Amino acid sequence: MALRTIRTQGDAVLGKVCKKVTESNERLLDLVKDMYETMYDAQGVGLAAPQIGVLKRICVIDVSPDCSEPICLVNPVIVEYSEETQTGYEGCLSVPDKTGIVTRAMKVKVEAFDEYLKPVTIEGEALLARALQHEIDHLDGHLYVEKVEGRLFDNSEFESEDAEE
Ligand code: NI
654 MALRTIRTQG DAVLGKVCKK VTESNERLLD LVKDMYETMY DAQGVGLAAP
704 QIGVLKRICV IDVSPDCSEP ICLVNPVIVE YSEETQTGYE GCLSVPDKTG
754 IVTRAMKVKV EAFDEYLKPV TIEGEALLAR ALQHEIDHLD GHLYVEKVEG
804 RLFDNSEFES EDAEE
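To get our numbering, take the position in the sequence shown, counting from 1, and add 653.
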């Protein structure tokens with residue numbers, strides 16, 4: 654396993670539409686392992702393949718506090734969005750030290766495949782739903798900053814504002 658370099662905003666790879674994965678092999682399994690390692694090392698809750706420069710429809714997510722609920726999604730598609738929405742802070746490993754307010758569906762249902770190309774269906778709500786929508790956006794070349802309401806906060810500023818409350 655190896656840590657991969659996380660590409661940041663301004664890198665053209667983040668704006669590209671990723672290609673579907675058509676076969677599971679050692680290379681895919683190694684890539685997924687590297688994605689988990691890179692995500693956990695960066696203390697993120699999700700990472701999409703284009704963020705490490707790979708234009709394939711793969712993302713990994715773990716929204717648990719103790720890194721105990723890894724989810725790998727290959728060729729994911731959101732098939733249901735709740736009408737109910739959530740508005741909250743969002744960040745991205747490719748937009749370091751920034752945070753913005755984004756409205757997302759409160760619940761989504763995703764059909765995908767795992768790294769062995771076995772079909773999986775995931776229903777997520779709250780933070781998991783937010784992560785699913787955010788990561789799947791990456792596979793189509795979209796960053797959350799396109800959806801931010803109001804301005805983007807610098808994390809240092811955000812933390813100091815929080816501390817005053
Ligand atoms: Ni992101």
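For each residue, glycine too, the CB sits at the ideal point set by N, CA and C.
From a predicted model like this one, the values you see are computed outputs, not experimental measurements.
Cβ of C745 within 6 Å of any heavy atom in ligand 1? yes
Taking the CB atoms as reference points, tell me whether K762 and E733 lie closer together than 7 Å. Remark: C-beta atoms of K762 and E733 approach each other more closely than 7 Å.
Can you tell me which of the three DSSP states K771 falls into? coil
For M629, does the count of other Cβ atoms within 10 angstroms reach 16, so buried, or fall short, so exposed? This structure cannot speak to residue 629, because the chain is shown only from 654 to 818.
Helix, strand or coil for T738, going by three-state DSSP, please let me know. strand
Which residue's Cα is closest to the Cα of R660: C745, R757, A782? C745
Straight-line Cα distance separating V670 from L726: Rounded to the nearest angstrom, the two C-alpha atoms are 16 Å apart.
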